[in-house]
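A.B. asks: Take a look at the following structure, please.
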Ligand code: SF4
């Protein structure tokens, strides 16, 4: 019996990538889904796993943190509005998927990209750049917009029938949703957004790390701590991360081997604080005062904390002064208005 043609799919678990898979599956193609894991997206994902089960496909998590970090640092085609290097990012996913084709016995690659869905990274020119930069060229099939795009090898070879591919373009998602309902595919994450690199606040912090020379894979604990904590920049390369809630506090503890100092509760409940960098005695005292400010007593009583496991006294704090310092230390990495105007 003739072996089925296989394709590897870039698969976030969302609406578009799931539908793209379904469209080629309908033509008898066997699809293996690749969910990419960077410092900023991907990883164990219930929704993606549920959708993979509905589609009846194998789901593989592909860790590419270091390579992805390199494109975040120095994207060939620049970044979007925030720190998102979408063209380079997509192209890297195709490149890595291309390197895996032989291992999985796949003949081509697919994605859920839709022409015009994102004005900067999914217009004609950008889709062309993604293909070219990845080196995968005519092996890249975008089933949802294929009829608008250049013919690809899978179509030329007859592995898929171009007539049965789609002609979706633009930002709307209604048609995709109708098709998902028709195929009885349910429970996908609501469409839109983008990864953490498209988030304004998160990007401001990454920009601050970039200015301080620590936007690098080696310093990835900074990026992970930023997801779960309030971030204060004391001075160049020296940051204090203050847990927001129990889950965040617990997660900060997971990074304890990479941080310089930890502050935890002794006699009054409060946040876990991680200090990363080199700090003066004055700054260590200030971080303890941050603890007091966010603790149950809100800085109004003398308390003790565990500073690197040592019981340390924190006196009643000057709240106004602390609030001002917090504002100053939190206001980091923001793009200056009109900064690109000469
Ligand atoms: S939104 Fe994030 S994951 Fe998506 S292409 Fe852009 S950088 Fe990559």
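Residue numbers (the numbering used here): 190 to 531. Backbone N, C-alpha and C fix where the C-beta goes; we use that ideal spot for every residue, glycine too. Since this is a predicted model, take the numbers as computed values, not measurements.
Return helix, strand or coil for residue 285, following the three-state DSSP convention.
C.D. replies: The residue given as residue 285 occupies position 96 in the chain shown. Helix, per DSSP.
A.B. asks: Can you find the residues in the same chain that come closer than 6 Å, C-beta to C-beta, to residue 249, ignoring five residues on each side of it along the sequence?
C.D. replies: Translated into the one-based positions of the chain shown, residue 249 becomes position 60. 223, listed in sequence order.
A.B. asks: Report all residues from its chain with a CB closer than 6 Å to the CB of residue 230; omit the five preceding and five following residues, and keep chain order.
C.D. replies: As a first step, residue 230 must be located in the chain shown, where it is residue number 41. Result list for residue 230: 384, in chain order.
A.B. asks: Could you give the distance in angstroms between the alpha-carbon of residue 195 and the alpha-carbon of residue 347?
C.D. replies: Numbered from its first residue, the chain shown carries residue 195 at position 6. Numbered from its first residue, the chain shown carries residue 347 at position 158. Using only the alpha carbons, I get a separation of about 13 Å.
A.B. asks: Helix, strand or coil for residue 430, going by three-state DSSP, please let me know.
C.D. replies: Mapped onto the chain shown, residue 430 falls at position 241. Correct three-state label for residue 430: strand.
A.B. asks: Helix, strand or coil for residue 299 per DSSP?
C.D. replies: Counting from 1 along the chain shown, the entry for residue 299 is found at position 110. It is a strand residue.
A.B. asks: Less than 7 Å between the CB of residue 415 and some heavy atom of ligand 1, yes or no?
C.D. replies: Your numbering for residue 415 matches position 226 in the chain shown. No, ligand 1 has no heavy atom inside 7 Å of this Cβ.
A.B. asks: Pull the bridge partners of residue 419 from the DSSP assignment, please.
C.D. replies: To locate residue 419, count along the chain shown from 1; it is residue 230. Residue 419 pairs with 431.
A.B. asks: Does the Cβ of residue 228 lie closer than 7 Å to at least one heavy atom of ligand 1?
C.D. replies: Start at 1 with the first residue of the chain shown, and residue 228 comes out as number 39. No - ligand 1 has no heavy atom lying nearer than 7 Å to the Cβ of residue 228.
A.B. asks: Within 8 Å (strictly less), CB to CB, does residue 276 reach chain C?
C.D. replies: As a matter of chain content, chain C is missing from the structure shown, which is built from one protein chain.
A.B. asks: So is residue 532 buried or exposed if we call it buried at 16+ other beta carbons inside 10 Å?
C.D. replies: Not covered by the structure: residue 532. The range shown for the chain is 190 to 531.
A.B. asks: Where does the unbroken beta strand (DSSP E) through residue 451 begin, and where does it stop?
C.D. replies: Within the chain shown, residue 451 is the residue found at index 262, counting from 1. From DSSP, the beta strand (DSSP E) with residue 451 extends over 450 to 454.
A.B. asks: Under the criterion of a Cβ to heavy atom distance below 7 Å, does residue 386 qualify as lining ligand 2?
C.D. replies: By its list of ligands, the structure shown excludes ligand 2, since it contains just ligand 1.
A.B. asks: In three-state DSSP terms, what is residue 411?
C.D. replies: Residue mapping note: residue 411 aligns to position 222 of the chain shown, counting from 1. Reduced to three states, the DSSP call for residue 411 is helix.
A.B. asks: Starting from residue 340 and walking both ways along the beta strand (DSSP E), at which residues does that stretch end?
C.D. replies: Counted from its first residue, the chain shown places residue 340 at position 151. From DSSP, residue 340 is part of no beta strand (DSSP E); its letter is neither H nor E.
A.B. asks: Based on Cα-Cα distance, which residue from 278, 430, 344 lies nearest to residue 216?
C.D. replies: Reading the chain shown from its first residue, position 27 is the one you call residue 216. Among 278, 430, 344, the Cα nearest to that of residue 216 is on 344.
A.B. asks: Is it the case that the Cβ atoms of residue 283 and residue 304 are separated by a distance below 8 Å?
C.D. replies: Against the chain shown, residue 283 aligns to sequence position 94. Against the chain shown, residue 304 aligns to sequence position 115. Not closer than 8 Å, so no.
A.B. asks: Within its chain, find whatever has a CB closer than 7 Å to the CB of residue 422; leave out the 5 residues flanking it on each side and keep chain order.
C.D. replies: Stepping through the chain shown from its first residue, residue 422 is reached at position 233. The answer, listed in chain order, is 397, 428, 518, 521.
A.B. asks: Just checking residue 203 against ligand 1 - is the residue's beta carbon closer than 7 Å to any of the ligand's heavy atoms?
C.D. replies: Walking along the chain shown from the start, residue 203 turns up at place 14. Answer for residue 203: no, Cβ out of range of ligand 1.
A.B. asks: Using DSSP with H/G/I as helix, E/B as strand and the rest coil, what is residue 250?
C.D. replies: Locating residue 250 in the chain shown gives position 61, counting from the first residue. Note: residue 250 maps to strand in three-state DSSP.
A.B. asks: If you scan the stretch 330 to 413 from start to end, which runs of the alpha helix (DSSP H) of 4 or more residues do you find wholly inside it?
C.D. replies: 342 to 345, 363 to 371, 389 to 400
A.B. asks: Considering only the alpha carbon of each residue, which of 339, 289, 235 lies closest to residue 198?
C.D. replies: Position 9 of the chain shown, counted from the first residue, corresponds to residue 198. For residue 198, the nearest C-alpha among the options comes from 289.
A.B. asks: What is the C-beta distance between residue 461 and residue 436, in whole angstroms, given that I count them as a contact (C-beta under 8 Å)?
C.D. replies: Stepping through the chain shown from its first residue, residue 461 is reached at position 272. Stepping through the chain shown from its first residue, residue 436 is reached at position 247. Contact doesn't hold; Cβ gap of about 11 Å is too wide.
A.B. asks: Which residues bound the beta strand (DSSP E) around residue 313?
C.D. replies: As a position in the chain shown, residue 313 is number 124, starting the count at 1. Element bounds for residue 313: not the beta strand (DSSP E) but the alpha helix (DSSP H), 313 to 323.
A.B. asks: Measure the alpha-carbon distance for residue 399 versus residue 467 and round it to whole angstroms.
C.D. replies: Along the chain shown, read from residue 1 onward, the residue named residue 399 stands at position 210. Along the chain shown, read from residue 1 onward, the residue named residue 467 stands at position 278. Near 18 Å, if we compare the C-alpha coordinates of residue 467 and residue 399.
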